[in-house]
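Just add 1398 to wherever you are in the first sequence, counting from 1, and you've got the working numbering. Virtual Cβ for every residue (Gly too), placed ideally from N, Cα, C. Computed from a prediction, not measured in an experiment: that's the story for all the values here. Here is the structure we will look at.
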Amino acid sequence: MDLLADLEARGLIHDSTDRVALAARLSSGPISLYVGFDPTADSLHAGHLVGQLFLRRFQLAGHKPFPLAGGATGMVGDPSGRSDERNLLDPDTLRYNVSRIEVQLQRLLDFSPGTYQAKLVNNADWTEPVRLLDFLRDVGKFVTVNQMLAKDSVRSRLETDTGLSFTEFSYSLLQANDFRHLYEHEGVELQAGGSDQWGNIVAGVDLIRRSVSKTAHALTHPLVTKADGAKFGKSVDGAVWLDPAKTSPYQFRQFWIQVDDAMIGRYLRMFSIQPLAAIAEVLGRHAVAPERRVAQRALADELTELVHGTAALDAARSATEVLFGGDPASASEAALAAVAREVPSSCVRTDELSDLIGLLVSTRLATSNSDARRTLQQNGYRANGALLSESSQLSDVGLVHGRYLLLRKGKSNYHLLEIS
RNA sequence: GGGUCGGUACCCAAGCGGCCAAAGGGAGCAGACUGUAAAUCUGCCGGCUCAGCCUUCGAAGGUUCGAAUCCUUCCCGGCCCA
1399 MDLLADLEAR
1409 GLIHDSTDRV
1419 ALAARLSSGP
1429 ISLYVGFDPT
1439 ADSLHAGHLV
1449 GQLFLRRFQL
1459 AGHKPFPLAG
1469 GATGMVGDPS
1479 GRSDERNLLD
1489 PDTLRYNVSR
1499 IEVQLQRLLD
1509 FSPGTYQAKL
1519 VNNADWTEPV
1529 RLLDFLRDVG
1539 KFVTVNQMLA
1549 KDSVRSRLET
1559 DTGLSFTEFS
1569 YSLLQANDFR
1579 HLYEHEGVEL
1589 QAGGSDQWGN
1599 IVAGVDLIRR
1609 SVSKTAHALT
1619 HPLVTKADGA
1629 KFGKSVDGAV
1639 WLDPAKTSPY
1649 QFRQFWIQVD
1659 DAMIGRYLRM
1669 FSIQPLAAIA
1679 EVLGRHAVAP
1689 ERRVAQRALA
1699 DELTELVHGT
1709 AALDAARSAT
1719 EVLFGGDPAS
1729 ASEAALAAVA
1739 REVPSSCVRT
1749 DELSDLIGLL
1759 VSTRLATSNS
1769 DARRTLQQNG
1779 YRANGALLSE
1789 SSQLSDVGLV
1799 HGRYLLLRKG
1809 KSNYHLLEIS
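Put into structure tokens, the structure is as follows:
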């Protein structure tokens, strides 16, 4: 099965420029391609994985991937898919964000020397030196405002009260210039991205055709959604980040384990780099006994290892065994140490145990004293597996290994206390 | 600038002098059933030293025994006119 057919079967193709021409180009030999990531935050999130894995899939097929950090485009703000003007981030924040994202962009790809060696680029490198007048002559002259106004992202914004600033209006020119720059200096012939990027990508294809009379290709994937159509990549606590300091490997893995049955097949095809036949086999086993969550576990393990590494995956798994396995009171010391690294934890003195309500609030298992009381009345808390009530004394609960107290709210909210 | 309608808890949205911490829906939290799923059902969903008390209904003043509800001024938004 060739690469395009594989991507198609995985539900990863939303749109492309001339499909026949692209297929012909891909089969004629290695191609260089890029996917851009703007530094809107100091970490990428789960949704970005589709784009990152796009590069990975091409690299595995022998092509050369260019992950791009949007140091320049991030300064301007992409209006695509937004109903209002973005707040500009200050340059220091952007530089910091770029530095964080670059670390993540290097994780999933092979950077060792070879024909398909990945190369990290930052569009600030070639955009910042460009002089305004040169830009207007070398880029602006090849683009008509008529076309730009026709784009959905622009047109929808023209009808709003806030409008669209010239800054954001210009965004697609910068991205188009990126594509042309990479085409001319790195031989990049294909740009991929989410379906919301179609207009920006095609702007680059057009610019390349008009200014240097060459053919470049565009390929977009559908944006990932949840079963209810809600935005993907958000968990209870917010976005699912790739930065382990923001979303721990344990939480990251849990996010995938908790995926609906209704979506797991689709996600597995979109996110797993396993062959489709292997995925079909996993889904087959899952269908026989869905309660075992075979498919969710397979996806969770694969992605956790890919993003956080084998050691982090092992730690997350052993933490999971304690938290969702049997009695936490019988967990080994090593397993509890793993739990401590993966779920929120804190150290308290013995005398602090007497203030149950206060402790529930300070561990963030309750948002206020009232909330703590309510949840206690509703049998929402357990300590080392024992149900707590308003009159419970934590000092009466036996510590595990003489110093651990595992607090749990509901089914999957934990906080580990280490008593000193 | 004139007119007019509106600003209520995380969001939408009732209430229009006491029965209002404020209907209803959504989101969220807990419980039941399950499979760390979905659906369904139940409870909760401002705060507190919790049978009670305190602070809220754009802001500040005022009328009243009593105001989210009436009056004044101001701020913000929709629509119409200029």
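- Ranked by Cα distance from residue 1620, the first of 1401, 1403, 1411 and 1457 is 1411.
- Assignment of beta strand (DSSP E) within the region 1544-1609, counting only whole runs of 3 or more residues, yields 1586-1592 in chain order.
- Boundaries of the alpha helix (DSSP H) harbouring residue 1667: 1659-1669, taken from the DSSP string.
- Taking the C-beta atoms as reference points, residue 1763 is found nearer than 8 Å to residue 1813.
- By the 16-neighbour rule on beta-carbons within 10 angstroms, residue 1694 is buried.
- DSSP, reduced to helix, strand and coil, places residue 1413 within a strand of the structure shown.
- Under the three-state reduction of DSSP, residue 1812 is assigned to strand.
- Pairing residue 1427 with residue 1652, the inter-Cα distance amounts to about 40 Å.
- Taking C-beta atoms as the reference points, residue 1654 and residue 1579 fail to come closer than 8 Å.
- Its Cα nearest to that of residue 1598, the residue 1545 stands out among 1647, 1495, 1545 and 1699.
- The region 1605-1621 and the region 1568-1579 touch, with three or more beta-carbon pairs separated by less than 8 Å.
- The beta carbon of residue 1784 sits closer than 7 Å to the beta carbons of 1795 from its chain, once the five residues preceding and following it are set aside; these are given in chain order.
- DSSP places residue 1638 outside any alpha helix (DSSP H), giving it a letter other than H or E.
- Counting only residues of its own chain and dropping the five nearest sequence neighbours on each side, residue 1514 has a CB closer than 8 Å to the CB of 1428, 1457, 1460, 1461, 1462, 1463 and 1508.
- Take the alpha-carbon of residue 1681 and the one of residue 1661: they are about 11 Å apart.
- Here residue 1668 is buried. Its C-beta has 16 or more other C-beta atoms within 10 Å.
- In this structure residue 1642 is in contact with residue 1710, their Cβ atoms being roughly 7 Å apart against a cut-off of 8 Å.
- It is roughly 52 Å from the alpha-carbon of residue 1465 to the alpha-carbon of residue 1775.
- Looking at the DSSP output, residue 1781 sits in a beta bridge with 1784 and 1805.
- Within its own chain, the residues whose Cβ lies closer than 7 Å to the Cβ of residue 1665, once the five positions on either side in sequence are excluded, are 1657 and 1697, listed in chain order.
- Around the Cβ of residue 1602, a 10 Å sphere holds 16 or more other Cβ atoms; the residue is buried.
- In its chain, beyond the 5 residues on either side, 1571 and 1575 have a beta carbon closer than 6 Å to the beta carbon of residue 1537.
- Non-local C-beta neighbours of residue 1624 in its own chain, meaning closer than 6 Å and more than five positions away in sequence, comprise 1630, ordered along the chain.
- Between the alpha carbons of residue 1800 and residue 1749 lies a gap of roughly 15 Å.
- About 27 Å separates the CB atoms of residue 1487 and residue 1586; that is not less than 8 Å, and the two are not in contact.
- Following the DSSP letters along the chain, one finds residue 1618 inside the beta strand (DSSP E) bounded by residues 1615-1619.
- Where residue 1648 is concerned, the enclosing alpha helix (DSSP H) starts and stops at 1647-1655.
- A straight line joining the alpha-carbon of residue 1498 with that of residue 1700 spans about 23 Å.
- Residues 1783 of the same chain have their beta carbon placed closer than 8 Å to that of residue 1725, with the five preceding and five following residues left out of the count.
- The DSSP-derived three-state label of residue 1429 is coil.
- In the three-state DSSP reduction, residue 1744 falls in the strand class (E or B).
- Among the bridge pairs identified by DSSP, residue 1465 is matched with 1433.
- The beta-carbon distance between residue 1650 and residue 1720, rounded to whole angstroms, is 17 Å. This is too long to meet the 8 Å contact definition.
- Taken in chain order, the unbroken stretches of alpha helix (DSSP H) that lie wholly in the region 1468-1513 and span 4 residues or more are 1471-1474 and 1489-1503.
- Note: residue 1443 is bridge-paired with 1639 in the DSSP secondary-structure output.
- The alpha helix (DSSP H) runs of length 4 or more contained entirely in the region 1694-1735 are, from start to end of the chain, 1708-1722.
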